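Chemist:
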């Protein structure tokens, strides 16, 4: 068997190789060799850290916006609740004031007088409107020839006589009923029926003579409404007068005297 021999230079270098190997063993188990990041890993870690910080900033911004929206909704809700509470408070105060007005005889008297005034004014407006319509219609029936006909202007006076009488009856009935005067009611009723019959006839006779019942009915609406308004006016006036008298009787004498004493000062102011 041939004995293997090494060159002298290799034999000489073996101690150095052993020494290097021993030093390598000493450091190769150091974690730094494996824990140290490469340049690519460092760039990747930085990019990841930037993404994480961006995500965290987005989340903080979303939390801020959510908190702001919640605060806005809470503020709006509180404002709506305050408005609702204020509305309920105002409604309650109105209800209390209305209840006091209903229970206070002075307030009830004032409300009754106010209703009476507007009701009678509205009925007076109905009567005046019907009289104007009847005046024009009667003028057209009596003198359709135009302003050249002398009866053209006289016909307005004819309807005016009827209207003035009805107005006097209406106003007079209202005034005397305030004092409880209801005498001669039959005479007044007969006069009203006569005047209403006369104005209805003046408004409808041309159409009846021609046999046109539809036009007669249409032109008879205004005078009929005058009669209805007069009847309602008289009845309402009497009822309001009775109600006002009863309401006045409910006011204590001391309060009535105070109101009468305070009236001149209000007129002076």
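Residue numbers (the numbering used here): 6 to 274.
Glycine included, C-beta positions come from ideal geometry on N, C-alpha and C.
What you are looking at is a predicted structure, and each value in this text was computed from that prediction instead of being measured.
(1) Would the beta-carbon of residue 211 fall within 7 Å of that of residue 139?
(2) Under the assumption that residue 225 contacts residue 208 (Cβ atoms under 8 Å), give the Cβ distance between them as a whole number of angstroms.
(3) Leaving out the 5 sequence neighbours to the left and right, which residues in its chain are closer than 8 Å to residue 124 when beta-carbon positions are compared?
(4) To the nearest angstrom, how far is the alpha carbon of residue 201 from that of residue 248?
(5) Along the chain, where does the alpha helix (DSSP H) that runs through residue 116 open and close?
(6) Are at least three pairs of beta-carbons, each pair with one atom in the stretch 127-136 and one in the stretch 162-180, less than 8 Å apart?
(7) On the CB-based measure, 16 or more other CB atoms within 10 Å of its CB, does residue 69 come out buried or exposed?
(8) In the DSSP assignment, find the alpha helix (DSSP H) that holds residue 215 and state where it starts and stops.
(9) Is it true that the CB of residue 255 sits closer than 7 Å to the CB of residue 110?
(10) Compute the beta-carbon to beta-carbon distance between residue 234 and residue 132, rounded to the nearest angstrom, for a pair I have assumed lies under 8 Å.
(11) Would residue 289 be called buried (16 or more neighbouring beta carbons within 10 Å of its own) or exposed?
(12) Is the beta carbon of residue 117 closer than 7 Å to that of residue 243?
(13) Quick one: using the 10 Å Cβ neighbour count with 16 as the cut-off for buried, is residue 82 buried or exposed?
(14) Quick check on DSSP: helix, strand or coil for residue 20?
(15) DSSP three-state label for residue 42, please.
(16) What three-state label does DSSP hand residue 35 in the structure shown?
(17) Can you give the Cα-Cα distance for residue 106 and residue 172, rounded to whole angstroms?
(18) On the CB-based measure, 16 or more other CB atoms within 10 Å of its CB, does residue 353 come out buried or exposed?
(19) For residue 222 versus residue 213, is the C-beta spacing smaller than 7 Å?
(20) Specify the secondary structure class of residue 225 as computed by DSSP and reduced to three states.
(21) My guess is that residue 205 and residue 193 are in contact by the Cβ rule of under 8 Å, so how many angstroms apart are they, rounded?
(22) Note down, in chain order, each residue of its chain lying with its Cβ closer than 7 Å to the Cβ of residue 85, except the 5 sequence neighbours on either side.
(23) Measure the beta-carbon distance from residue 129 to residue 147 and round it to whole angstroms, keeping in mind my assumption that it falls under 8 Å.
Modeler: Looking at the atomic coordinates:
(1) no
(2) 6 Å
(3) 241 and 245
(4) 29 Å
(5) 110-147
(6) yes
(7) exposed
(8) Neither: residue 215 is in no alpha helix (DSSP H) and is coded neither H nor E.
(9) yes
(10) That pair is a contact at about 5 Å.
(11) As displayed, the chain neither begins before 6 nor continues past 274, which places residue 289 out of reach and without an answer.
(12) no
(13) exposed
(14) helix
(15) coil
(16) coil
(17) 35 Å
(18) The question about residue 353 has no answer here: the residues shown for the chain are numbered 6 through 274.
(19) no
(20) coil
(21) Not a contact, Cβ separation roughly 18 Å.
(22) Counting only Cβ-Cβ distances below 7 Å, and skipping sequence neighbours, we find nothing.
(23) Not confirmed; about 26 Å, so no contact.
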